[in-house]
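Inspection log for the structure reproduced underneath, given as structure tokens.
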Amino acid sequence: MNDLMLLTRIANRPAVFRASDIASIIEIDAITPVPQAPDFVAGLTALRSRALTVIDSRMALGLAQPGPADPRSPVVEIGGHPYALLVDTVEDVVAMVGAPTPLAATLGPQWSRCAHGMIETAAGPAIVIDVSALISGPQRAAA
Amino acid sequence: MDDLLADFVAETREMLQAIEGEIVAWEADPADRERLDAIFRFVHTVKGNCGFFDFPRLEKLSHAAESALSEVRAGQRRASGQLVSAVLAIIDRINDMIDAIDGGETIPDGADEILIAALEPKGDEPDSESIQAEELSGGRAPRQASGSRSIRLPVELLDRVMSGVSDMVLARNELARRLREHGTDPALEGPFDRLSSILDTVREGATRMRMQRLEHLFGALPRMVRDLSAELGKQVMIDLDGGDVELDREMIESVRDPLTHILRNAIDHGIEPPSERLSAGKREIGTITVSARRTGNRIVIAVSDDGRGIEPGRLRKKAVAAGLIDSAQAAALSEEQTLELIFAAGFSTADRVSQVSGRGVGMDVVRANIERIGGSVTVSSKAGQGTIVFLYVPLTLSIVEGLTVTVGAHTLGLPRSYIVEIARSASRAISVDRLGDGIFLTFRNERVPCLDLGEVLGLDQGVDLDRATFVFIRLVSGDLFAVAVDRVLDNEDLVLKPLPPVLEGIGLFGGTALLDDGRPILKLDIPALADRYGLASQARARPSVQGAADIHAEDPGEHVVVFEAFGSRRLAIRMPAIRHIHTLPASAIDRSGPTPLVSVDGMILPILGFILDDEDATSTRDSVIALRLSDGGSDILYAARSIIDTAELTGPVVPAEDDPLLEGTVLIDDTIVGAIDTHRLFARYGRMGASTHRPTCRLARTDAWAKGFLEPLIRSAGYDILDEDDPRTADVAVVLDQAEPAATTGDVVRLRSYPDAAGTAPDSIYRYDRDALLSALARAHSKGG
Chain A
763 MNDLMLLTRI ANRPAVFRAS DIASIIEIDA ITPVPQAPDF VAGLTALRSR ALTVIDSRMA
823 LGLAQPGPAD PRSPVVEIGG HPYALLVDTV EDVVAMVGAP TPLAATLGPQ WSRCAHGMIE
883 TAAGPAIVID VSALISGPQR AAA
Chain B
40 MDDLLADFVA ETREMLQAIE GEIVAWEADP ADRERLDAIF RFVHTVKGNC GFFDFPRLEK
100 LSHAAESALS EVRAGQRRAS GQLVSAVLAI IDRINDMIDA IDGGETIPDG ADEILIAALE
160 PKGDEPDSES IQAEELSGGR APRQASGSRS IRLPVELLDR VMSGVSDMVL ARNELARRLR
220 EHGTDPALEG PFDRLSSILD TVREGATRMR MQRLEHLFGA LPRMVRDLSA ELGKQVMIDL
280 DGGDVELDRE MIESVRDPLT HILRNAIDHG IEPPSERLSA GKREIGTITV SARRTGNRIV
340 IAVSDDGRGI EPGRLRKKAV AAGLIDSAQA AALSEEQTLE LIFAAGFSTA DRVSQVSGRG
400 VGMDVVRANI ERIGGSVTVS SKAGQGTIVF LYVPLTLSIV EGLTVTVGAH TLGLPRSYIV
460 EIARSASRAI SVDRLGDGIF LTFRNERVPC LDLGEVLGLD QGVDLDRATF VFIRLVSGDL
520 FAVAVDRVLD NEDLVLKPLP PVLEGIGLFG GTALLDDGRP ILKLDIPALA DRYGLASQAR
580 ARPSVQGAAD IHAEDPGEHV VVFEAFGSRR LAIRMPAIRH IHTLPASAID RSGPTPLVSV
640 DGMILPILGF ILDDEDATST RDSVIALRLS DGGSDILYAA RSIIDTAELT GPVVPAEDDP
700 LLEGTVLIDD TIVGAIDTHR LFARYGRMGA STHRPTCRLA RTDAWAKGFL EPLIRSAGYD
760 ILDEDDPRTA DVAVVLDQAE PAATTGDVVR LRSYPDAAGT APDSIYRYDR DALLSALARA
820 HSKGG
């Protein structure tokens, strides 16, 4: 794995995205809400000629009341569709220190579902986010 | 995978696609050397390419096919059906292997030896002598090699260019808005317009890059028809037409399955077995024709067969037996409505289930698939003679004409193709009733279910029905319903992008698009909406007998166009009488006669509505708006200063005394408007606009220019042409330059060859001044007729 990570905070916890997953980072100015959409879908926004689906990462992890989000938003592309992710803050691009370690059992089901593992970074330990699990939203009660 | 290998896979695939049709055609005519060569080249190329890579099995297979085919080419062997089948089997296997290579899988182990052995000649094959005899019987003309050059490009690159162009269009729109805001600077305007028009051209080109000729789809059909008819013991020939029609790449993929299904149906149920055909007096071999053509924004693909057709009586019986309709309903169905029954879910016309079709997954799925991409399907059939299925599909998946509407804070796009009418609730013609949880509109004697879009979207507040605008939507099944929205914004071309799964799951939307200002919006998925609220389900099984009756019961005089006539009077003309609204150059109007005349589309028509002493009428204007009215037989124009609106006639028409051409006056939007009595208008002027009396024009047809250029124009203006030496009297004579008309009777229209009159012939008309020429003819016409 090569080894640059985007360090963010999601629900006030350190979380990193693999730089290779991130297509770009955009500044979101307006979000068009989508009626009847699940609550972790914040709506649509535009990146040049494309409409992006905005996913609130905090709600996708099953956290009910997120605070304000960083206007800067990482853009990922999954299955040919672009998504912009809302996080608390976008902090930095950091290098990974050492190899990823398996998940600790105490992360809780929603975080475990959305994580590839844990790593050490220059800024401390963080969870590596599994983007496609994240955008599929919180798992229902059965999980 | 390494680039070289990727190229090999892509090239082989492309060749495979290209020769599928060839091989079946070759079987039909084994003497066709060109096709044999094409197939030979394919296996030869595959074999050659295998040399670069390590695919021993692929090499062995293609080598075997190559040897067998080269024997045929050398005249040592004849192409029998058995050989063709064996070659086809090898090509299929090559195809499988290419798929495996592409997928990075190991090539499935199979009995290649059996395939190769099948190529060996059998004892009953005709010997070489008969081939030689046939070869002597004549060669065929070599087919035209395709002249256009092409290269292969990765799809991803095309998509990138497409989205780049879309970005440019958005940036251009943004720039246009800024320029408008800052006031127009002529120094910028010129270059900007130029940039803008170049961009439009580029956009069109980029859109065309996504287009593919239908040949790609058609190429696979002969093979399919061959295999299927052989399996069913039938003889079927396929005829393809319109392969050069271009369609969006994605659209071609969406049409593939429905088309395949229809062909299977045609072969299985439509075409009779050979013996049955012979006894019905038909050719033993059935014919299926697949033709495509483009009409405006749509492509029509027609699949017709000359089989047994669909017998309406039998269809009705089956529908009753299946419980779709009761016998009383069945008896009330027209023939057309009966045919619609084949689209009912779970309905099959097959007597028994065969391996190929008749399993109940049928035309309903075809229709659903075609409707999903914004198209429609119709069928027509004559018992005993055959069936035609028409597929209508839009040119591209990605751009639809849309209407933007707002509900609460949301802006949504509705596809235009479904919308039949838009009405405001303020209009007295609509009454709104709430029954249970539903809303019903009464509109032109029809009760129409209505959805509050605010409720549908789950907004806190529904649409205020007293101020709402209702968008009337007619589904392909014929059902009518309305959606209530807050406001209708605009017509826009929506460039649709597919929805991500999480939004598709909502089941209400059909794609995202960006508005001109860059805001994203969602397109409402109309069929899904109708489905969810049960607005279409019944009609699927029960064709809309009721609906059809209602349409005929409508009062056709309800809608009018309101316009400001010359003399500043407001007038209204009933919509059904209006055929078109023209903008005509004022110079084309000839006002010398008692009734002004004008040439439109090559016809000379009376134009009414000028107040003759109104200076404004023609002298100070470059162009005049003219409403073209038609009673089916003749056309009349009515001049307008401006078109105001369309409106509904809600109140009574009060008879008026002062103008014989007015039916009376009526109140529209609190203004008194005169309603034109079209009946009297046509009674009085209709004959002038009729094309029954054809005036005659004398013309020297010995002159090449007169014959080639002038004659068609004069004919299209409604004249019959008389030769110089024709003894009959002509209404008008047209002569060139100094020539003298042979036997002058009516007017003489003199044409000159040079634009500048320069004293030589002051009354003449320059021979390319079309308007002046037509006006002169119109003048002559008004005197004569």
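The listed protein sequences correspond, in order, to chains A and B.
Using our numbering, the first residue of the first sequence is number 763, and each one after it goes up by one.
Using our numbering, the first residue of the second sequence is number 40, and each one after it goes up by one.
Cβ coordinates follow ideal geometry from the N, Cα and C atoms, glycine included.
Within-8 Å CB hit, residue i to chain A
i	result
B:His-221	no
B:His-621	no
B:Gly-497	yes
B:Asp-390	Low local confidence applies: a pLDDT of 49 at B:Asp-390 is under 50, so the model's placement there is unreliable, with the coordinate-based value given in what follows. Not one chain A Cβ lies under 8 Å of B:Asp-390.
B:Leu-547	yes
B:Thr-551	yes
B:Pro-566	no
B:Gly-114	no
B:Gly-557	yes
B:Pro-595	For B:Pro-595, the predicted structure reports a pLDDT of 37, less than 50, and the residue's modelled location is therefore unreliable. The matter cannot be settled from this model.
B:Pro-539	yes
B:Pro-181	Reliability of the predicted coordinates at B:Pro-181 is poor, the pLDDT of 40 falling under 50, and the value obtained from them is presented with this limitation in mind. It does not; no Cβ of chain A falls within 8 Å.
Contact check, residue i vs residue j, beta carbons under 8 Å
i	j	result
A:Leu-848	A:Ala-773	no
B:Ala-422	B:Ile-349	yes
B:Ser-814	B:Ser-638	yes
A:Leu-769	A:Ala-857	no
B:Gly-785	B:Val-771	yes
B:Ile-646	B:Ala-678	yes
B:Leu-688	B:Arg-618	no
B:Gly-282	B:Glu-311	no
B:Ile-565	B:Tyr-457	yes
A:Pro-800	B:Val-541	yes
B:Gly-346	B:Ala-305	yes
B:Gly-648	B:Ala-604	yes
Proximity test, Cβ basis, 8 Å: residue i and chain B
i	result
A:Ala-903	In this prediction, A:Ala-903 has a pLDDT of 42, which is less than 50 and means its spatial position is unreliable; what the coordinates show is noted afterwards. With 8 Å as the cut-off, A:Ala-903 does not count as an interface residue toward chain B.
A:Val-803	yes
A:Ile-891	no
A:Arg-775	no
Proximal residues of chain A, C-beta to C-beta of residue i below 8 Å
i	result
B:Lys-536	Arg-812 and Ala-813
B:Glu-542	The residue you asked about is not Glu; residue 542 of chain B is Leu in the sequence shown. Simply Val-796, Ala-799, Val-803 and Thr-815.
B:Pro-193	The premise fails here: B:Pro-193 is roughly 15 Å from chain A at the closest Cβ pair, so nothing lies under 8 Å.
Partners in chain A for residue i, counting only beta-carbon separations shorter than 9 Å
i	result
B:Ile-560	Thr-794, Leu-806 and Ala-813
B:His-449	Thr-794, Pro-795, Val-796 and Pro-797
B:Pro-645	Those within 9 Å of B:Pro-645 in chain A number zero; the least Cβ separation is about 51 Å.
Beta-carbon neighbours of residue i, restricted to chain A and to distances below 7 Å
i	result
B:Pro-454	Those within 7 Å of B:Pro-454 in chain A number zero; the least Cβ separation is about 17 Å.
beta-carbon residue i near the ligand PLP non-hydrogen atom, thresh 7 Å
i	result
B:Glu-375	As presented, the structure is devoid of all ligands, the ligand PLP included, so that no description of it is given.
Neighbour flag for residue i against chain E, beta carbons, 8 Å
i	result
A:Pro-862	Note that chain E does not occur in the displayed structure, where the protein chains are A and B.
If you measure beta-carbon to beta-carbon, which residues of the segment 196-208 of chain B are closer than 7 Å to chain A?
Ser-202, Ser-205 and Asp-206
Quick check: the segment 405-413 of chain B against the segment 492-501 of chain B, are there 3 or more CB pairs under 8 Å?
no
Residues from the segment 825-849 of chain A in contact with chain B, defined by Cβ distance under 9 Å:
Ile-840, Gly-841, Gly-842, His-843, Pro-844 and Tyr-845
Count the CB pairs spanning the segment 829-845 of chain A and the segment 865-885 of chain A that are closer than 8 Å, and state whether there are at least three.
no
Chain B contacts made by the segment 873-898 of chain A, where a contact means CB separation under 8 Å:
Ile-897 and Ser-898
Stretch pair the segment 440-452 of chain B + the segment 327-334 of chain B: three plus CB contacts closer than 8 Å:
no
With a cut-off of 8 Å, do at least 3 Cβ pairs link the segment 712-726 of chain B to the segment 758-765 of chain B?
no
If we count Cβ pairs, one from each stretch, closer than 8 Å, do we get three or more for the segment 233-245 of chain B versus the segment 201-217 of chain B?
yes
May I ask you to verify whether the segment 413-431 of chain B touches the segment 334-343 of chain B, counting CB pairs closer than 8 Å and requiring at least 3?
yes
Taking contact to mean at least 3 C-beta pairs separated by less than 8 Å, is the segment 549-560 of chain B in contact with the segment 463-479 of chain B?
no
Would you be able to state if there are at least three C-beta pairs under 8 Å between the segment 86-97 of chain B and the segment 106-115 of chain B?
no
Stretch-stretch touch, CB-based, cutoff 8 Å, three pairs: the segment 131-139 of chain B with the segment 96-107 of chain B:
yes
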